C-alpha cells in the first residue's frame with residue numbers, strides 16, 4: 001500500500017462526487033419536458049472550456065496515457081508520429097459536423113447521432129442497425145478501458161485488483177447515473193486540466209532526473225537504435241502513416257460519444273474558442289505523454305509489458321505525493337472516456353430503441369428515471385465483464401473505433417451536406433463498409449493495400465453510399481425541409497401533418 | 001421510406017415545391033470544407049516531412065535536433081505547433097458568428113434586411 005499515492009486519488013474521487021451532486025441538483029430543477037435533454041445534453045449549455053475539455057478528454061482514452069507510451073516504449077517514435085493526428089480533433093470534429101449539426105440538434109430536438117440518422121433517413125433498418133452497433137461495440141470497448149485503468153492503479157497503489165475494479169465502477173456508476181452529461185462534462189474539465197498539467201510536470205521531472213534527452217538518446221542508441229527509425233518496428237510507411245490520419249483525425253468526429261458533444265454547446269463563440277485552443281492543448285497532452293514512453297526506456301530498459309513502463313517510471317522517479325496526483329491523469333482519461341460512452345449507450349438503449357419502438361408513450365420524467373436505471377445497470381454489466389473478460393470481447397474491441405467510424409462517417413456527414421443522400425445509400429454503406437472492415441481485419445489483410453484497414457473500408461463505404469443514393473428514391477420533401485429549411489418552413493410542415501390527420 | 005408510392009393529400013405541398021433554406025447552413029457547409037482542407041494539408045505535411053527527412057534511414061545516419069531525431073522534430077512538435085496556429089487563424093478569420101437556436105436564424109436574417 002502506498003498511501004502517498006492513494007490519498008491524492010481519493011481526494012480526486014471526492015471532488016468528482018461533489019461535481020455529480022451539484023449536477024444532480026441542477027438536473028432535478030430542470031423543468032418537466034427538458035429533463036431528458038438535460039441528462040444527455042446538459043441543456044445544450046456548454047461554454048468553450050467545458051466543450052473543449054469534454055471533447056478532448058472523452059477522445060483521449062487509455063490509449064494516450066497507457067497504451068500509447070507503451071507502444072512508443074516498445075516500437076519507437078513512429079507511434080508518436082501517427083498519434084499526433086489526434087491533435088486537431090477539436091477543430092476538425094467541431095467543424096466537420098459543424099454548426100449545422102448544432103442547429104439541427106435544436107430544431108429537431110435530437111440528442112444523439114441515432115436521432116439524426118432517424119430523422120434524416122426515416123428507416124428503421126438504419127436506426128436499429130446503428131443502435132445495436134453502438135451498444136455492442138461501445139460496451140465492449142469500455143471493458144479494456146476499465147481493465148487498463150485498474151491495472152494501472154494496481155501497479156501504482158499495491159491495492160488488490162478486484163477491489164480497485166469494484167471501486168472504480170462504483171465511482172463511475174454514481175457520478176454518471178446521477179450527474180448525467182453535465183457532471184461528465186465538468187469532470188472532464190477537471191480531468192483534462194490534470195492531464196495537461198500532468199503532461200508538462202512529469203515530462204519536465206523525468207527529463208531533469210535523466211539529465212536531458214542526451215543520456216536518454218545515448219541509452220536508446222546503444223540498446224534499441226531501431227526505435228529512432230522510420231518505418232521502424234511499427235512498419236510506418238508513408239501510406240500507413242497517412243491512413244492513421246483517417247482514423248484518428250478526420251473520422252474520429254463521428255464516434256457516437258464525441259459527436260453528441262458537437263451539439264451540446266451554448267453558442268458559436270463557445271465553439272470557435274474551443275476550436276482555436278483545442279489543438280494546442282492536445283499537442284501538449286499527446287506529445288508530453290507519448291515521448292515519455294521513450295524516456296521510460298532510460299529508467300526501465302527491459303520491461304516486458306510496455307504498458308507498465310511509464311507508470312513504473314513515475315513511481316520510481318517522482319516523490320509519492322506528486323506521483324499520486326499524476327496517476328489521477330491516466331485514471332481521468334479512462335474515466336472520462338468510459339462515462340461518456342456509458343451515457344451514449346444507455347441513451348441508445350432507452351431513447352433510440354425503447355421509446356421509439358417499444359413504449360413511445362413514456363413521459364419525460366419517467367424516461368429520466370428509466371435512463372438512470374439503465375446507466376447503473378450498464379456500469380454493472382461492464383464491471384462484470386471486466387472481472388473476467390470473455391475471449392470474444394477482444395474481437396469487438398478491435399472493431400469498435402474503426403468500425404463505428406466506417407459505419408457512421410458517410411451516413412452522418414453526407415446526410416448533413418448532401419440532399420441526395422438516402423436510406424438505401426446509408427444502409428448499404430453501413431453494412432458494406434463494416435463487412436469489408438471485418439474481412440480485412442480477419443481474413444484478407446492484403447485487401448488493406450498496406451494501409452490501416454480503415455482506408456480501404458472507407459472507400460468501399462463511400463462507393464456503396466453513392467451507389468445506393470443514386471439507385472434508391474431521393475428523400476421526401478419533408479426530410480429535406482427538416483434538414484435544409486428554415487424553422488418557419490418546418491413549422492408549416494407540422495401544420496399540414498396535423499390537418500391531414 | 002414508408003409513404004413513397006402513396007399519393008400525398010391535396011393540401012400537402014407537392015414533392016418538388018421549393019422551400020426557404022436556412023442561410024446558416026451555407027456558412028456551416030463552407031466551414032466544413034475549410035476543416036476538410038485543413039485535415040488534408042495536415043496529413044500530407046506531417047507524412048511528407050517525416051518521410052522525406054527520415055524515411056528508410058538507419059539510426060546512425062540520423063542527426064538530432066534539440067534531443068530528437070531530425071525527422072521527428074520537424075514532423076511532430078514543429079508541425080503540431082504550426083498547425084495549431086493555422087487552426088487558430090482559420091477559425092479567427094473565416095468562421096462566422098451566428099445564433100444557433102431554431103428560429104433565431106430567420107429572425108436575424110429578417111432584422112438584417
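Chains as they are written, first to last, in full-length UniProt numbering: chain A, 1 to 501; chain B, 1 to 113.
Using N, Cα and C, we set each Cβ at its ideal position, and we do this for glycine too.
Owing to the predicted nature of the structure, the values given are computational and were not obtained by experimental measurement.
Three-way DSSP call (helix, strand, coil) for residue i in this model
i	result
residue 260(A)	helix
residue 265(A)	strand
residue 73(B)	helix
residue 452(A)	coil
residue 278(A)	helix
residue 230(A)	strand
residue 19(B)	coil
residue 465(A)	helix
residue 68(B)	strand
residue 294(A)	helix
residue 56(B)	coil
residue 105(A)	helix
residue 485(A)	strand
residue 120(A)	helix
residue 418(A)	coil
residue 8(A)	helix
residue 122(B)	Residue 122(B) lies beyond the stretch modelled for chain B, which goes from 1 to 113, so this question has no answer here.
residue 283(A)	helix
residue 239(A)	helix
residue 362(A)	coil
residue 21(A)	helix
residue 440(A)	helix
residue 320(A)	helix
residue 357(A)	helix
residue 102(B)	coil
residue 470(A)	helix
residue 135(A)	helix
residue 305(A)	coil
residue 312(A)	helix
residue 97(B)	coil
residue 255(A)	coil
residue 62(B)	coil
Cutoff 7 Å; reference residue i; Cβ partners in own chain excluding five residues on either side
i	result
residue 140(A)	393, 396, 397, 400
residue 185(A)	42, 46, 50, 54
residue 402(A)	247, 437, 453, 454
residue 485(A)	none
residue 20(A)	174, 175, 178, 179, 183
residue 328(A)	8, 9, 12, 194
residue 198(A)	326, 329
8 Å Cβ shell around residue i - same chain, five flanking residues per side excluded
i	result
residue 490(A)	107, 481, 482
residue 243(A)	451, 452, 454, 455
residue 110(A)	104, 116, 119, 263
residue 466(A)	425
Same chain, Cβ closer than 6 Å to residue i, five either side skipped, listed in chain order
i	result
residue 15(A)	none
residue 413(A)	none
residue 257(A)	58, 340, 341, 344
residue 493(A)	478, 481
residue 44(A)	264
residue 142(A)	338, 341, 382
residue 362(A)	355
residue 421(A)	414, 415, 469
List in chain order: all unbroken alpha helix (DSSP H) runs of 4+ residues lying wholly within the region 32-80 of chain A.
35-41, 48-59, 68-75
The region 43-71 of chain B: which residues have C-beta closer than 9 Å to a C-beta of chain A, in chain order?
43, 44, 46, 47, 48, 50, 51, 53, 54, 55, 56, 57, 58, 59, 60, 62, 64, 66, 67, 68, 69, 71
Whether or not the region 153-171 of chain A and the region 268-278 of chain A are in contact is what I'm after, with contact meaning three or more pairs of Cβ atoms, one per stretch, closer than 8 Å; do they touch?
Because the criterion of three Cβ pairs below 8 Å is not met, the region 268-278 of chain A and the region 153-171 of chain A do not touch.
Mind listing which residues of the region 94-113 of chain A have their C-beta closer than 7 Å to chain B's C-betas, in chain order?
Per Cβ criterion, the list reads 95, 96, 98, 99, 100, 102, 103, 106, 107.
At what residue ranges does the region 138-223 of chain A contain a whole run of the alpha helix (DSSP H), taking only runs of 4 or more?
161-210, 213-223
For the region 481-493 of chain A, enumerate the residues whose C-beta is nearer than 9 Å to any C-beta of chain B, in chain order.
481, 483, 484, 485, 486, 487, 488, 489, 490, 491, 492, 493
Near-chain A residues of the region 25-44 of chain B (beta-carbon distance less than 8 Å), N- to C-terminal order:
25, 27, 28, 29, 31, 32, 34, 35, 36, 38, 39, 42, 43, 44
When Cβ atoms are compared, which residues of the region 201-230 of chain A fall closer than 7 Å to chain B?
212, 213, 214, 217, 221, 225, 226, 228, 229, 230
Does the region 56-65 of chain B touch the region 116-131 of chain A, meaning 3 or more C-beta pairs lie closer than 8 Å?
no
Listed from N- to C-terminal order along the chain, which residues in the region 72-91 of chain B have their beta-carbon within a distance smaller than 7 Å of any beta-carbon of chain A?
72, 75, 76, 77, 80, 81, 83, 84, 87, 88, 91
Taking 8 Å as the cut-off, does the region 206-223 of chain A touch the region 98-110 of chain A (at least 3 CB pairs, one atom from each stretch)?
Contact between the region 98-110 of chain A and the region 206-223 of chain A is not established, with fewer than three Cβ pairs separated by less than 8 Å.
In chain order, what residues of the region 275-308 of chain A put their CB closer than 7 Å to some CB of chain B?
275, 276, 279, 280, 283, 287
Validate contact between the region 2-17 of chain A and the region 147-162 of chain A using beta carbons, cut 8 Å, 3 pairs:
yes
For the region 247-260 of chain A, enumerate the residues whose C-beta is nearer than 7 Å to any C-beta of chain B, in chain order.
249, 250
Interface residues of the region 56-87 of chain A facing chain B [CB-CB below 8 Å]
77, 80, 81, 84, 85, 87
Return the residues of the region 410-425 of chain A that lie within a Cβ-Cβ distance of less than 7 Å from chain B, sorted by chain order.
Cβ contacts with chain B: 417, 423.
Do the region 201-215 of chain A and the region 63-73 of chain A meet, that is, are 3 or more Cβ pairs less than 8 Å apart?
Contact between the region 201-215 of chain A and the region 63-73 of chain A is absent, because fewer than three Cβ pairs lie under 8 Å.
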